[in-house]
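A quick write-up on the structure given underneath.
There are 2 protein chains.
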Amino acid sequence: MPVDRFAGVLAPVVTPFDSDLNPDAERLADHCRWLLCQGTNLAVFGTNSEANSLSVEEKIHLLDSLVEQGINPDSLMPGTGCCAMSDSVRLTRHAIELGCRGVLMLPPFYYKGVSDEGLYASYSEIIQRVAADELQIYLYHIPPIAQVPISAALVDRLVTQYPDTIAGIKDSSGDWQNTLTYLQGGWENFRVFCGSESFLLATMQHGGAGCISATANVNPGEIHRLWEAWQSAEAIGYQQQVDTVRSFFQEFPMIAALKATVAIFGNDPTWFRVRPPLTELSSEQRHQLTAGLQKCGFQMPGLSES
Amino acid sequence: MPVDRFAGVLAPVVTPFDSDLNPDAERLADHCRWLLCQGTNLAVFGTNSEANSLSVEEKIHLLDSLVEQGINPDSLMPGTGCCAMSDSVRLTRHAIELGCRGVLMLPPFYYKGVSDEGLYASYSEIIQRVAADELQIYLYHIPPIAQVPISAALVDRLVTQYPDTIAGIKDSSGDWQNTLTYLQGGWENFRVFCGSESFLLATMQHGGAGCISATANVNPGEIHRLWEAWQSAEAIGYQQQVDTVRSFFQEFPMIAALKATVAIFGNDPTWFRVRPPLTELSSEQRHQLTAGLQKCGFQMPGLSES
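As you go down the protein sequences, you meet chains A and B in turn.
The numbering of the first sequence is numbering that gives the first Met the number 0, which starts it at 0 and goes up by one.
The numbering of the second sequence is numbering that gives the first Met the number 0, which starts it at 0 and goes up by one.
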C-alpha cells in the first residue's frame, strides 16, 4: 500500500538537554504532544533540533522513547542524513522499522564541492541498503548551513530512478526562485516544503505541500491556520501575522531563542540549554526576547499544562 | 610523565574500501606500515582519509584493528572531532585508551557562524568528559571544508586553560599569514603543523613542528627528507622537488588521485574505490594521472612489496 505523503506544517522539534547536556526524552515528548495539538507534524532531528550535535545512538534512543511514550510514528519525519553513509543507513532503517512515515535527509555535508554524481550515489546507496518499500525520503536542501546543495537536476535523477521513495524536498535556501524550480519540476506527487513560513502562502499557491519551519516550534497554531486557509480571503492577513512573529525571532540566534521561548512560556528553565557549539541567549538577549514577546502579545496556549 | 608531542611529517592516511564499500583494515595497515618505513607518522581519519564518511563504530573498529595488526599507537594521531560532542568524546576516549599519542580534532562543523565561546565550550566539554591526563589534542583548522575556523584567540584561550592537553594545531587554511599567527602565538611547546608540504620549509624556519599533508600518502620519503634537512643547504632544492609533486596532484580531485596512485603503484585496484559523496577518477583522469606520473619519473619505492 502506498504511503500517504506528508503535507501541512511540520516543526523541526527543538531538543531539550538535562544538566549533564544529555537529551531529555520526556520533555521532548511533552513538546511533541503540544505541537501535535496545534496541528503540526514532527520533523524531529532537524537543524533546529541540534540534530547534528547528537550521536546516532542518542537519536535512536530518542526516537524509540518518543514512540514508547505514545507519539504516533505516522506523525514523525526524523532527520536521518549524516556525513557517513553507514550512519544514514542505520538511522534511516531504524526510523522506518519504527513506522515513521518518512525521513528528512541531508546530503553528506562534510566534503564540499562534491558532484551531483557523488550525491546521487550517496542517496542511491542509502536507498538500496535500507531496502524498504515503506521508505519515503524528503530531501533536505539547506545550503547556508550544509553548504552542499541539492540541485533540481539531482532531484530529477533521483525521482526518475526512485519514484516511490523520493517523496519531496524541504527548501531552506531562503531563495524563492530555487523553491519555484522544485515546484515546477513536474514530478508526480512530489511534496515541496518551504523552510520558512514566510514563503508558505506562495508555496501553496504554486502547488507546494506546506512548510517545515523553525518557528513552528513556538507559533504552530497560526502557521497551521495559514496552511489550512491558504485559499481563503483571510490568507494574506494570516501570512502577515506569521511574518511578524518570524521577523521578531530572526533578530535572535534562532535555536537558542526558540528554546528560551519554550522555557519562558513553559516555566521550565531546562529548556534554555543548548549543546555546544551553540550558546544560550545572554541574560540581555533573554530580557529583550521576553519584553518583545510581551509587547506583541505573543502566546503559546496550553504550553505550560502540556 | 609528559607525553612526547608529535613533530615531523604525518600522513592523513587514505582509507581503502572493499567491494561493499566497507573499510578494509588489512589494506589500511599495509599502507600504514609502508608510510612508517618512509619516516612519517599516521594521522588516520583525516579529511583525506574520508574520515567523515565513516561512522564512529567503523573508526573504532579500524583503530582497534590497526593496533592488533602491530601498528604502534605511539605513531597514531587519529582524527576524532565529530559534529556531536558525544561522538567526539567516545572516539577520543577510545583512542587515548588504546595508547594513541594524540588526536587531531576538528571543531563541530555542521552549525556555521558559531562563536568562539561556543567552540571553546565544545573543546572544553570534550576534554573534561574524556578526563585523561594522557590526552593530547591537536586542533584542526580547515576552513575551506569544515567552514568553521579556529582563531588564534580561541587557541590562546584553550592553551591557557588546558596547557597540558592542547598540544598543537594543523593549519589547512592554505593561508600562510594565518599559519604565521599560530607560529607567533608564543605558546610553550605548542606544535604547529602546516597542512601542505608547500609551506614546510617556511613553517620550520618559523619554529613549526612539521606538516600533515595529503600528498604524504604518496610522497612521504621526499617530504620527510625535507623535514629532516630543513636547516641544510639542500633544503630549498628539496622544497622545490616536493612542490612539483604537490602541484601535479592538485590538478586532480585529491583524495581520488591519491588512492588511484596507491592502486597503480601497488597494483591493487581495490584502492581506486572511494565512498560517496566522493567519486573515483574517470578513466580519462586515470590515464592522465598515470601518464603524468611516468613522465616525471615518480616512484613509490617498495609499495607493491609492503
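For each residue, glycine too, the CB sits at the ideal point set by N, CA and C.
Just so you know, these numbers come straight off a predicted model, no measurement behind them.
Closer than 9 Å to chain B by CB, residue i
i: isoleucine 211 (chain A); result: no
i: glutamate 57 (chain A); result: yes
i: asparagine 51 (chain A); result: yes
i: alanine 151 (chain A); result: no
i: glutamate 233 (chain A); result: no
i: serine 121 (chain A); result: yes
i: arginine 89 (chain A); result: yes
i: serine 303 (chain A); result: no
i: serine 64 (chain A); result: no
i: glutamate 227 (chain A); result: no
i: glutamate 124 (chain A); result: yes
i: proline 143 (chain A); result: yes
Bounding residues of the alpha helix (DSSP H) (the contiguous stretch that carries residue i)
i: phenylalanine 192 (chain B); result: It is not in any alpha helix (DSSP H) - phenylalanine 192 (chain B) instead sits in the beta strand (DSSP E) that spans 190 to 193.
i: isoleucine 149 (chain B); result: Segment: none, isoleucine 149 (chain B) is in no alpha helix (DSSP H) and carries neither H nor E.
i: cysteine 31 (chain B); result: 24 to 36
i: threonine 289 (chain B); result: 282 to 294
i: threonine 269 (chain A); result: Element bounds for threonine 269 (chain A): n/a, residue is neither H nor E.
i: phenylalanine 248 (chain B); result: 234 to 248
i: glutamine 308 (chain B); result: An answer regarding residue 308 (chain B) cannot be provided, because it is not within the stretch 0 to 305 covered by chain B.
is_contact[residue i, chain A] using C-beta, thresh 9 Å
i: glutamine 160 (chain B); result: no
i: glutamine 293 (chain B); result: no
i: proline 106 (chain B); result: yes
i: aspartate 86 (chain B); result: yes
i: alanine 83 (chain B); result: yes
i: leucine 20 (chain B); result: yes
i: glutamate 250 (chain B); result: no
i: valine 12 (chain B); result: no
i: glutamate 221 (chain B); result: no
i: serine 54 (chain B); result: yes
Listed by chain order, chain A residues near residue i by CB distance under 9 Å
i: valine 113 (chain B); result: Pro275, Pro276, Leu277 and Thr278
i: glutamine 284 (chain B); result: Chain A residues near glutamine 284 (chain B): none, gap ~13 Å exceeds 9 Å.
Anticipated Cβ contact below 8 Å, residue i with residue j, distance rounded
i: threonine 269 (chain A); j: aspartate 17 (chain A); result: 7 Å
i: serine 303 (chain A); j: phenylalanine 264 (chain A); result: 6 Å
i: glutamine 68 (chain B); j: serine 123 (chain B); result: No, glutamine 68 (chain B) and serine 123 (chain B) are not in contact; Cβ-Cβ is about 35 Å, not under 8 Å.
i: isoleucine 254 (chain B); j: asparagine 47 (chain B); result: 5 Å
i: leucine 157 (chain A); j: tyrosine 110 (chain A); result: Between tyrosine 110 (chain A) and leucine 157 (chain A) the Cβ distance is about 19 Å, and since that is not below 8 Å, they are no contact.
i: glycine 45 (chain A); j: glycine 78 (chain A); result: 5 Å
i: isoleucine 136 (chain B); j: alanine 166 (chain B); result: 6 Å
i: proline 15 (chain A); j: leucine 27 (chain A); result: 6 Å
i: alanine 208 (chain A); j: phenylalanine 5 (chain A); result: 7 Å
Interface partners of residue i on chain B, CB under 9 Å
i: leucine 118 (chain A); result: Pro275 and Pro276
i: serine 172 (chain A); result: Near serine 172 (chain A) there are no residues of chain B at all, since even the closest Cβ is about 14 Å away, more than 9 Å.
Terminal residues of the beta strand (DSSP E) in which residue i lies
i: isoleucine 211 (chain B); result: 209 to 211
i: aspartate 308 (chain A); result: Nothing can be reported for residue 308 (chain A), as the shown portion of chain A is limited to 0 through 305.
i: glycine 7 (chain B); result: 7 to 10
i: leucine 103 (chain B); result: 102 to 104
DSSP three-state assignment for residue i, whether helix, strand or coil
i: proline 143 (chain B); result: helix
i: serine 305 (chain B); result: In this prediction, serine 305 (chain B) has a pLDDT of 47, which is less than 50 and means its spatial position is unreliable; what the coordinates show is noted afterwards. In this structure, serine 305 (chain B) counts as coil in the three-state DSSP scheme.
i: glycine 112 (chain B); result: coil
i: asparagine 311 (chain B); result: Nothing about residue 311 (chain B) can be read from this structure; chain B reaches only from 0 to 305.
i: glycine 78 (chain B); result: strand
i: asparagine 47 (chain B); result: helix
i: asparagine 95 (chain B); result: The amino acid at residue 95 (chain B) is misidentified as asparagine; the sequence shows isoleucine. Reduced to three states, the DSSP call for isoleucine 95 (chain B) is helix.
i: isoleucine 53 (chain A); result: Just to set this straight, residue 53 (chain A) is leucine in the shown sequence, not isoleucine. Leucine 53 (chain A) falls in the coil class under three-state DSSP.
i: tyrosine 181 (chain A); result: helix
i: leucine 225 (chain B); result: helix
i: phenylalanine 297 (chain A); result: coil
i: isoleucine 70 (chain B); result: coil
i: tyrosine 137 (chain B); result: strand
i: phenylalanine 16 (chain B); result: strand
i: leucine 41 (chain A); result: strand
i: leucine 277 (chain B); result: coil
i: aspartate 155 (chain B); result: helix
i: arginine 4 (chain B); result: coil
i: alanine 120 (chain B); result: helix
i: alanine 259 (chain B); result: helix
Partners in chain A for residue i, counting only beta-carbon separations shorter than 8 Å
i: alanine 137 (chain B); result: Just to set this straight, residue 137 (chain B) is tyrosine in the shown sequence, not alanine. Within chain A, no residue comes near tyrosine 137 (chain B); the closest Cβ sits about 18 Å away, beyond 8 Å.
i: serine 48 (chain B); result: Simply none; closest approach about 12 Å.
Partners in chain C for residue i, counting only beta-carbon separations shorter than 8 Å
i: glutamine 146 (chain B); result: Reference to chain C is not applicable here, since the protein chains of this structure are A and B.
Contact list for residue i against chain B, beta-carbon separation under 7 Å
i: serine 195 (chain A); result: Neighbours of serine 195 (chain A) on chain B: none; closest Cβ ~17 Å, over 7 Å.
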